[in-house]
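For reference, the structure discussed in these notes is given below.
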Amino acid sequence: MTFDYAARRERLAGLLPAHEVHALLVTSPVNVRYLTGLASSNAAVLVRADGTALLATDNRYIGAARELDVPSVEAADVAGRLKEPGAGIEAASMSVAAYHRLGEGLAPLGPVVELLRAVKDEGELELIRTACEITDRAFADVAPKIAPGMTERELAGLLDRRMTELGADKPAFDTIVAAGENGAVPHHAPTARELRAGDLVTMDFGARYQGYHADMTRTVSLGPPAAWQREVYELVAAAQRAGRHALAPGASAGEVDAAARSVIEDAGHGAHFRHGLGHGVGLEIHEEPFLGPSRTGRLEDRVPITVEPGVYLPGRGGVRIEDTLVTREGGPELFTKTTKELLVL
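Written out as structure tokens, the structure reads:
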């Protein structure tokens, strides 16, 4: 997949006057890749308001950099090579030590490039769609193998291997498998705990494909669910539907979160839903925008984002259901299509 990196830099250049800077020194590796196509651990790009740019990296990456559509230089002090008085810097990605080393006269800015990245072009969406297809297929292949006696770690390993076999670069993040009481911990790390009949098992996983990420969570039941388990599952499913339906260009991040959260709160479980409703996905697994009670800003068209409400009952277990979708003018497009009905295995 090829992208118009020059067009991305031009869009960024057009935003700089509003931030009262004549240039932006971009040091976040993800943002450098977004603006130039160079994937590296040590590079920076200076983008000026007049549309010109300069990329700097070290000798490990300079060969690749010289194949790109932006002038490049090799430098030991990558950020220092691109210093321009009065330029903006990415406050979130530059260390305090580097900031002081470069000297005064630089303006720390917030997530300028990150907000630009939130709206995806159709090429990016196709890569995320493929990552989600791999994720769906991996779950379909692994689900019949889930059985009592398997450990959380073993199940996580099966999902990870299958995604790679299906063409993923690698898992998009550390796969979560939480069985029984461990399901009450939203980001539980898989252990040697064995799956048992009567457990709800939550799996949060995704594939990374050509640098772009997928994110999906499904909760299944090992054997017929108890009444309380089915009740909680149906509650989370209803909240998830409400959140998905609220996704639309122009909707505020807080409003979308409230659409799902109110369903859980009205059922008396507000204290058991302890995280935001969702987040953007793309070159990072968690990126702008974020959906939550205190989040501001409005969604735009072509924003891939997750909707992932959950209810977590300490000592008993939990349920989370998550999809990756993209905002569209005619209604959200669902990328992760595995059934959200409660699977009884």
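The sequence shown stops at residue 347 when you use this note's numbering, and every number in between is there. For each residue, glycine too, the CB sits at the ideal point set by N, CA and C. Fair warning: this is a prediction, and the values are worked out from it, not measured in the lab.
Coarse secondary structure for residue i, derived from DSSP in three states
i, result
"Arg220", "strand"
"Lys85", "coil"
"Glu156", "helix"
"Thr193", "coil"
"Ile307", "strand"
"His247", "helix"
"Ser254", "strand"
"Ser74", "strand"
"Thr166", "helix"
"Gly272", "helix"
"Lys172", "strand"
"Leu315", "strand"
"Asp206", "strand"
"Asp123", "coil"
"Ala55", "strand"
"Tyr36", "helix"
"Asp2", "Residue coverage of the chain in this structure runs from 3 to 347, which leaves residue 2 outside it and unanswerable."
"His277", "coil"
"Tyr63", "coil"
Rounded Cβ spacing between residue i and residue j (contact assumed at less than 8 Å)
i, j, result
"Leu40", "Ala58", "Their Cβ separation, rounded to whole angstroms, is 10 Å, which puts Leu40 and Ala58 out of contact at 8 Å."
"Arg220", "Thr340", "6 Å"
"Asp325", "Met205", "About 14 Å; that fails the 8 Å criterion."
"Val222", "Ile148", "7 Å"
"Val436", "Leu224", "Residue numbering for the chain in the displayed model covers 3 to 347; residue 436 lies beyond these limits and cannot be assessed."
"Tyr214", "Ile130", "5 Å"
"Asp303", "Thr338", "Contact doesn't hold; Cβ gap of about 20 Å is too wide."
"Ala199", "Pro150", "5 Å"
"Ala216", "Ala174", "6 Å"
"Leu347", "Ala142", "Actually they do not touch by this definition, with Cβ atoms about 13 Å apart."
Beta-carbon proximity of residue i to residue j, cut-off 9 Å
i, j, result
"Arg300", "Ala255", "yes"
"Val28", "Leu37", "yes"
"Leu197", "Leu157", "yes"
"His271", "Val313", "yes"
"Ala209", "Asp171", "yes"
"Ser95", "Asn33", "yes"
"Ala81", "Arg50", "no"
"Val179", "Leu202", "no"
"Pro306", "Gly284", "yes"
"Gly185", "Gly280", "no"
"Glu183", "Gly317", "yes"
"Gly282", "Ala93", "no"
Inter-residue Cα distance where the pair is residue i and residue j
i, j, result
"Glu343", "Glu267", "22 Å"
"Ala110", "Glu335", "Correcting the residue type first, residue 110 is Pro in the shown sequence and not Ala. Answer to the nearest angstrom: the Cα atoms are 36 Å apart."
"Glu76", "Ala181", "50 Å"
"Arg13", "Glu257", "28 Å"
"Val309", "Arg35", "27 Å"
"Gly90", "Ser30", "13 Å"
"Thr132", "Pro87", "43 Å"
"Ala244", "Ala191", "29 Å"
"Leu232", "Ser264", "What sits at residue 232 in the sequence shown is Arg, not Leu. Roughly 19 Å between the two C-alpha positions."
"Glu69", "Tyr63", "10 Å"
"Val234", "Ala194", "26 Å"
"Ala46", "Arg83", "9 Å"
"His247", "Asp79", "49 Å"
"Glu236", "Gln212", "35 Å"
"Lys122", "Pro251", "13 Å"
"Ile2", "Pro311", "Not covered by the structure: residue 2. The range shown for the chain is 3 to 347."
"Lys85", "Leu104", "7 Å"
"Ile136", "Gly294", "28 Å"
"Leu108", "Thr298", "27 Å"
"Thr177", "Glu106", "43 Å"
"His274", "Pro227", "20 Å"
"Glu289", "Thr4", "22 Å"
"Gly53", "Pro188", "44 Å"
Exercise for the section: Specify whether the stretch 160 to 176 and the stretch 122 to 130 touch according to this definition: at least 3 beta carbon pairs, one from each stretch, less than 8 Å apart. Expected result: no
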